[in-house]
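Counting in numbering that gives the first Met the number 0, the sequence shown runs from 0 upward without gaps. Structure, as structure tokens:
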Amino acid sequence: MKNPWEAIRLDTYEAHMSLDSVRQLQALNALMRDQLEAYPVRTAMILGVAGGNGLEHVRREKYETVWGVDLNQEYLQAAAVRHPELDGVLRLLELDLTREAEKLPRAEFVIADLLVEYIGYEAFQRVLRQVAPLYVSCVIQINTDAEEWVSDSPWLHAFDGLDAIHHRMEPAALSEKMAEIGYRRILQAAAPLPNGKQLLRLDFGAPVDNG
0 MKNPWEAIRL DTYEAHMSLD SVRQLQALNA LMRDQLEAYP VRTAMILGVA
50 GGNGLEHVRR EKYETVWGVD LNQEYLQAAA VRHPELDGVL RLLELDLTRE
100 AEKLPRAEFV IADLLVEYIG YEAFQRVLRQ VAPLYVSCVI QINTDAEEWV
150 SDSPWLHAFD GLDAIHHRME PAALSEKMAE IGYRRILQAA APLPNGKQLL
200 RLDFGAPVDN G
């Protein structure tokens, strides 16, 4: 069975996410700028890279390799076309993280923005065991009681299929699942959205082996 993300066009996704009443595309761009500069790493992996929103903040003098992972080929093609300046640094992988985690390479840093919601905690744990990063930065969406988890917009029904794979996120539960595989929370920061929702950034670090 196909993943519902494969049926959502990139222009539809970006139009919805950038709407003035939603503004998640803009908020995620600012968050990724900060994420990419946060830690002393040379390799990073962006899970759910989509069309490459935020990749303009990758500095070649900092990063040797940035992996962009997504299961939608259209998204990856757009990311490559939009960011020719990252030739030789950006490497794009078409993978379904719920079934193909073992194909992922190692990286020092993993960025997973609005990603864990769609693969679940256990699949995310498998991904991190494979990639073995020193740092992990996640962004999850915190919803209001009044709003559905997909914000209202003219493109709302394009996302109906996601109900089948969406997992409700809780900061405490995510931190607990990360602790199970050896990661401790080192940062929590909220970014408010126009409709009362929040994007919550949670960063985790792996224990340092001094042996």
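Idealized CB from N, CA, C, for every residue including glycine.
By the neighbour-count definition (other C-beta atoms within 10 Å, threshold 16), residue 96 is a buried residue.
Cβ contact annotation for residue 77 (same chain, cutoff 6 Å, sequence separation greater than five): 9, 50, in chain order.
DSSP places residue 78 in the uninterrupted alpha helix (DSSP H) bounded by 72–81. Rounded to whole angstroms, the gap between the alpha carbons of residue 88 and residue 54 is 11 Å.
In this structure, the alpha-carbon of residue 189 lies about 6 Å from that of residue 200.
Residue 80 sits exposed, since fewer than 16 C-beta atoms from the chains shown fall within 10 Å of its C-beta. In summary, residue 107 is buried, with 16 or more beta-carbon neighbours lying within 10 Å of its beta-carbon over all protein chains present. By the Cβ test, the stretch 90–104 is not in contact with the stretch 16–32, since fewer than three Cβ pairs between them sit closer than 8 Å.
Using a C-beta cut-off of 8 Å, the stretch 105–123 makes contact with the stretch 32–47, since at least three inter-stretch Cβ pairs fall below that distance.
Listed as beta-bridge partners of residue 93 by DSSP are 69. Runs of the beta strand (DSSP E) lying entirely within the stretch 1–76 and spanning at least 3 residues, in chain order: 42–46, 64–69.
DSSP places residue 185 outside any alpha helix (DSSP H); the residue lies instead in the beta strand (DSSP E), whose first and last residues are 183–191. Beta-bridge annotation (DSSP): residue 198 is paired with 140, 190. Distances from the CA of residue 66 to each of 93, 140, 139 were compared; the closest alpha carbon is that of 93.
Distances from the CA of residue 3 to each of 71, 170, 62, 18 were compared; the closest alpha carbon is that of 71. In the DSSP assignment, residue 118 falls outside any beta strand (DSSP E) and lies within the alpha helix (DSSP H) extending over 115–118.
Counting along the chain, residue 171 sits inside the alpha helix (DSSP H) bounded by residues 170–179. The bridge partners DSSP lists for residue 112 are 138.
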